[in-house]
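Numbering (the numbering used here), first residue to last: 1 to 551.
Yeah, the Cβ is synthetic: ideal placement off N, Cα and C, and Gly gets one too.
Note that the structure is predicted; figures quoted are calculated from it, not measured.
Step one of this worksheet: look at the structure below.
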Amino acid sequence: VGDVVVRPTFPTEEIDLLRKQTLSGLQLERSSPAALASRFFAYGLYGSHPYGLRPTEQTVQAVTREDLVAYHAARVKPRNALLVVAGNMSLANARRLADRALAGWTGAPAEVPAAPAVPKRERTELVIVHRPGSVQSNIVVGNTTFTPTDPLWYASSMASRVLGGGADARLFMILREQKSWTYGAYSSLQRPRGVGAFQASAEVRTEVTDSALVELLAQLARIGAEPVPATELENARSAAVGSFPLTIETVNQVAGAVSNAKLLGLPDDYLRMYRTRLAGVTASQLQQAAKAVIRPDAALIVVVGDATKIYEPLKDIAPTRIVDVEGKPIEPSALTVAGGAPIPLDVSKLVARTDSFTILVQGNPFGYQKATFEKTADGFRYAEESQIGPVLQQNTVVAMTPTGQVRSISQTGKVQGQDTKIDVTVANGKATGSATTPGPEGIKTVTVDTEVPAGIIDDNSISALLPALAWSPTASWTFPVLSSGDGTVKTYTLKVAGSESVTVPAGTFETYKVELTGGAQPMTMYVAAAAPHQLIKVTVTGAPVEIVRAK
């Protein structure tokens, strides 16, 4: 540890790996409503203060090894640093080991520039992050609070526990158990070195977004307006006091707790007296703290969802503005239904072909994918056979119109030994049928009866249609896609992010590096820069899976 702290080498290959992993994480984040809500909530609360900033592709790409070396030289210094050692060790022995490990490490860190002031919020504001086609809304409500040494912490933390601290708290019991609007609703207090924050959150079905938000705001107001009943307060106190020992069971937990207390500037008896002070919170103290800290009449509300469906019901709750997932403002009159315009296809470039791919897991062959594309009397037919070890076997057939739009999808297969099946037909502006597919809680069956926009394509056929697009170094398309596995319309984006020479079993190709977002899992597709623009490779963001062209 001493060698790493005092003499880091910042190997270029490790920086490059971390950069790649971070960029993959950012790409995955764009498809996660919860991550989007967290990003917009932080910026909405803190603005240009460091607590409001989040990495972007541009900032991650801009950081150099020289930046890291300079930062370490200026900031990572022993004066005012904290070393915590937890375990069966004397202070004298710990000091001896530290002196040896950190020998030669001297100096004070460079002065840190003053951070911008945290914005003061005077009224409630609602920000809708438009995610076309989303079947749920992610709601986050909150405001800034106080610095970590404020005595309001104990009563405020008890208020948050009563409100949304677990499955027996008010938000969970009302929004989930009574109303069946969500799988869970919670609240929490964030306690950094500077000004902290309170937040309450829930993920709800699109059609009940307004009802859930109104009820959530009502519960935030209620906890500061009336005393908590004695039984409810006692249950919350018992849970908080009783669970604390579980957070300091191991030496690692002890070191973390002591470090946190020291870095936050808390008194030396903080950990020793923590349970006693929590247990001493009265109903009156809890109510007064809630009134001061949980302020629904001056809150930031962020809702990530399909604005075409939630804007009208929400706009009268508070002054409202709409942004896209990149943060660009959207006027209500400019809202479009899920997907936007159809993807422009030049079907004259679609020719019969057979493709073969190898599926790699952690760099090792673990399966295959074979695909055929052919013209038919009434359009096109795309057939795909895939196998990933013993995990997945799948056969898919997509029938398309003469202009490339989906006509029907038929898929059979097994996922971890369980049968899956999709049988969906698209006609007269509707997709109908059924789908039995894997989900977070196992295999599920849904009835598909969905309105679809003109020009809709199926998510299984995107790779087949790549040759029909007008590729260029700046190409980008946003278009509607039928997710036949769950019967929803989603907005996909194909965007060229650069060029790269790629070597696969089929040879070496100059490719466009293309980001595909909007689906359940973001991907990077490598498309041959030269006609007929074959798919060369696919990498899955956040997973050690690659699909590489074999021939």
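Closest Cα partner of residue i within the set the options
i	options	result
Gln135	Asp150, Gln362, Val514, Thr182	It is Val, not Gln, that sits at residue 135 in the sequence shown. The option with the nearest alpha carbon to Val135 is Thr182.
Leu83	Gln362, Glu385, Val258, Gly280	Val258
Lys537	Phe10, Phe357, Asp210, Ala497	Phe357
Arg295	Ser501, Gly265, Pro344, Gln219	Gln219
Ser157	Asn138, Gly184, Phe244	Phe244
Ala42	Ile15, Gln190, Ile174, Ser31	Gln190
Phe198	Val141, Thr396, Val496, Ala520	Val141
Val397	Ile422, Leu28, Val391	Ile422
Pro329	Leu152, Leu216, Ile128	Ile128
Gln521	Ser501, Ala543, Glu500, Gly165	Ala543
Gly2	Leu26, Leu91, Asn88, Ala98	Ala98
Val241	Gly280, Gly44, Val540	Gly280
Pro365	Arg123, Thr450, Ile547	Ile547
Glu515	Ile359, Leu26, Leu246	Leu26
Pro402	Leu163, Glu384, Ser348	Ser348
Gln405	Pro148, Asn88, Asp458, Lys309	Asp458
Gly194	Ala292, Arg95, Thr144, Gly413	Thr144
Pro8	Gln21, Lys20, Tyr71, Pro50	Tyr71
Pro78	Val69, Asp67, Gly519, Gly107	Gly107
CB-CB length for residue i against residue j, believed under 8 angstroms
i	j	result
Arg75	Pro109	5 angstroms
Thr511	Ala528	6 angstroms
Phe479	Ala371	Between Ala371 and Phe479 the Cβ distance is about 21 angstroms, and since that is not below 8 angstroms, they are no contact.
Ala506	Arg549	4 angstroms
Gly133	Thr488	6 angstroms
Ala608	Ser187	This structure cannot settle anything about residue 608, because the visible part of the chain is limited to 1 through 551.
Val6	Trp105	5 angstroms
Thr412	Ile443	Not quite, the Cβ-Cβ distance comes to about 13 angstroms (not below 8 angstroms), so this is no contact.
Neighbourhood of residue i by C-beta distance below 7 angstroms, restricted to the same chain and skipping five residues each side
i	result
Leu466	Val527, His533, Leu535
Thr447	Ser434
Arg65	Phe10, Thr12, Ile15
Gly52	Ala42, Tyr43, Leu45, Tyr46
Ser24	Thr541, Gly542
Ile223	Ala159, Val162, Leu163, Ala290, Ile294
Ala115	His49, Pro50
Thr539	Met523, Thr524, Glu546
Per-residue DSSP class, three states only, for residue i
i	result
Gln405	coil
Glu66	helix
Lys179	coil
Pro480	strand
Asp150	coil
Leu516	strand
Ala528	strand
Arg272	helix
Ser134	coil
Glu122	coil
Pro438	strand
Ala338	Any reading at Ala338 needs caution, since the residue's pLDDT is 49, under 50, leaving its predicted position unreliable; the model's value is listed next. Coil.
Gln534	coil
Ile462	helix
Arg7	coil
Asp449	strand
Lys490	strand
Val129	strand
Ile457	strand
Thr555	Since the first and last residues shown for the chain are 1 and 551, residue 555 lies out of range.
Ala37	helix
Val545	strand
Nonlocal neighbours in the same chain, by C-beta distance under 6 angstroms from residue i, ignoring five residues either side
i	result
Lys262	Leu82
Ala86	Val251, Val254, Ala255
Leu392	Val415
Glu500	Thr511, Lys513
Glu29	Ala35
Gln362	Pro544
Ser483	Asp459, Lys490
Glu226	none
Asp210	Pro313, Leu314
Val424	Ile409, Ala431, Gly433, Val448, Ser484
Residues near residue i by beta carbon distance below 8 angstroms, same chain, minus five either side
i	result
Tyr311	Ile128, Thr320, Ile322, Pro332, Leu335
Leu278	Tyr154, Ser157, Met158, Arg237, Ala240, Val241, Phe244
Glu122	Ala298
Leu345	Thr403, Gly404, Leu465, Ala468, Leu469
Arg176	Thr182, Tyr183, Gly184, Ala185
The ligand FMN heavy atom lying under 7 angstroms from the CB of residue i
i	result
Ala427	Of ligands this structure carries none, so the ligand FMN is not represented either.
Inset, instruction - With a floor of 3 residues, list each beta strand (DSSP E) that falls wholly inside the segment 282 to 335, ordered by position along the chain. - result: 300 to 305, 320 to 323
Inset, instruction - Go through the segment 360 to 428 residue by residue and report every complete run of the beta strand (DSSP E) that reaches 3 residues or more, in order. - result: 364 to 376, 379 to 388, 392 to 400, 406 to 415, 418 to 427
Legend entry - Completely contained alpha helix (DSSP H) runs for the segment 60 to 111, where each covers 4 or more residues: 65 to 75, 91 to 101
Inset, instruction - Let me know the alpha helix (DSSP H) ranges lying completely inside the segment 223 to 257, each 4 residues or longer, listed in chain order. - result: 230 to 243
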